[in-house]
Structures are given as C-alpha cells and as structure tokens.
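Engineer:
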Amino acid sequence: MTLTLIVLGLTVALFIWGRIRSDVVALSALAVLMVSGVLSPTEALAGFSSSVVFQTGLARETGKRMMSLAQGNETRAFLLVMLTTSVIGAFVSNTGTVALMMPIIVSMAAQAGFSSGRMLMPLAFAGSLGGMLTLIGTPPNLVINEALIEGGYEGLSFFSFLPVGLIVIAIGVVYLLPLSKTLESG
C-alpha cells in the first residue's frame, strides 16, 4: 500500500511538473507497480483493452511519424508497419494492436498512393509476432511462466522471449516482404 501511494504521489507530481511527457510518466508508474508485484501483468494491461486509451492522439501521431519516415517508399512503409506493430504487439493484445494500427495503415497507404491491402496482412502477422517479444505479449507466454513456477522452476523474466522473438520477426519480414507485393490491391 505504501509503494502504491508513493508511486501515485510521484506520478501526480510529475504530471503537474510537466517536463516529462504524460504518457511516459503513466507507463513508468504502471511498470513500477507491475515489476514490484503490486499489479499482476493482467491487471496492469487491463486498461489497454479499452478504446479510451487509444483516443489520446497516439494513432494520429504514430501515423504522421510513419508517413514522414516512409517518404512514400512502399518497402520502407512495409518495414515500418512490421516493426512498429511488432513493438506495440509486445505490450498490447494482438487484437488491440491491429485495431490501433489499421486506421493508421489505411490512411498512410491512401496518402502515399499505394495499396493498403498490401500492408494489412503484414499488419496482422506483425501484431501476432510482436507477442513473442515479452512475457506479457501473448497469453501463452504467461501460461508457460505460471507452469514453470508451479513446477518448482524459476519463472521467466520479462524479456526471456526477446531473442527468439526478434529472430521470428526477422524471418517474418523476409518472408512477408515479397509476399506482400502479390496481395490484392485495397
């Protein structure tokens, strides 16, 4: 209880101070409470299933940033879609990740003049592949961790899956890049 009050007080103070972005402050507070065991990973991430979380301008800002980095290049846009979606998928459910990214991808493709259909299938795969990066990325990771602990073994760390996840994402990019060029226009 004391730790929770300290984190809450510090979070409010940092919000008022305003020198650190509020999303960074909020996610840091969430991470501290999760790492310290005050919140379980399920409790910590429950808010991400709410659409209110994504109405904060995150989608708009991500889309702008991806557009400027892609510079109208379809291959660069593909790589940005895969990597950005994978990173988000490491912390948010697959469904939430795809729901967040889909309007960004469709808008980005329309503005750049290339087929959104060529980006949507890689988007879906990247959301799933990103779940392989962290302990909380996908429910089976948590189930494996719980089974290990119940079996008397040491639990997994937050990034135990990261090395394998990075390899799988790299393979996914290599496989999906040429495949995405054959997908139907959208």
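Read in order, the letters of the sequence shown correspond to residues 919 to 1104 in our numbering.
Just so you know, even glycine gets a beta-carbon here, dropped at the ideal spot from N, CA and C.
Under 8 Å: do the segment 1029 to 1047 and the segment 1061 to 1077 share three or more Cβ pairs, one atom per stretch?
Structural biologist: The segment 1029 to 1047, when compared against the segment 1061 to 1077, does not touch it at the 8 Å Cβ threshold.
Engineer: Go ahead and pull the three-state DSSP assignment for residue 920.
Structural biologist: Mapped onto the sequence shown, residue 920 falls at position 2. Helix at residue 920.
Engineer: Let's test the definition: count the other Cβ atoms within 10 Å of the Cβ of residue 1066 and tell me whether it reaches 16, buried, or not, exposed.
Structural biologist: Reading the sequence shown from its first residue, position 148 is the one you call residue 1066. Exposed is the call here.
Engineer: Is residue 1066 near the ligand SAH, with its Cβ less than 7 Å from a heavy atom?
Structural biologist: The ligand SAH is absent from the structure shown, which contains no ligands of any kind.
Engineer: Are the beta-carbon atoms belonging to residue 1048 and residue 1006 less than 8 Å from one another?
Structural biologist: For the purposes of this step, residue 1048 is taken as residue 130 along the sequence shown, with counting starting at 1. For the purposes of this step, residue 1006 is taken as residue 88 along the sequence shown, with counting starting at 1. It is a contact, given that the beta carbons lie within the stated cut-off.
Engineer: Does DSSP classify residue 1054 as helix, strand or coil?
Structural biologist: Walking along the sequence shown from the start, residue 1054 turns up at place 136. Residue 1054 falls in the coil class under three-state DSSP.
Engineer: Mapping DSSP to helix, strand and coil, what is residue 1078?
Structural biologist: Translated into the one-based positions of the sequence shown, residue 1078 becomes position 160. If DSSP states are grouped into helix, strand and coil, residue 1078 belongs with coil.
Engineer: In whole angstroms, give me the CA-to-CA distance for residue 1013 and residue 1022.
Structural biologist: As a position in the sequence shown, residue 1013 is number 95, starting the count at 1. As a position in the sequence shown, residue 1022 is number 104, starting the count at 1. Between residue 1013 and residue 1022, the C-alpha separation is close to 15 Å.
Engineer: Output yes or no for whether 8 Å exceeds the beta carbon distance between residue 980 and residue 1045.
Structural biologist: Mapped onto the sequence shown, residue 980 falls at position 62. Mapped onto the sequence shown, residue 1045 falls at position 127. No. Outside cutoff.
Engineer: With H, G and I counted as helix, E and B as strand and the rest as coil, what does DSSP make of residue 1012?
Structural biologist: Numbered from its first residue, the sequence shown carries residue 1012 at position 94. Helix, per DSSP.
Engineer: Under 8 Å between the Cβ atoms of residue 948 and residue 962?
Structural biologist: On the sequence shown, residue 948 is found 30 positions in, with the first residue counted as 1. On the sequence shown, residue 962 is found 44 positions in, with the first residue counted as 1. Result yes, Cβ atoms of residue 948 and residue 962 sit closer than 8 Å.
Engineer: Do the CB positions of residue 1043 and residue 1094 come within less than 8 Å of each other?
Structural biologist: Within the sequence shown, residue 1043 is the residue found at index 125, counting from 1. Within the sequence shown, residue 1094 is the residue found at index 176, counting from 1. Yes, the Cβ-Cβ distance between residue 1043 and residue 1094 is below 8 Å.
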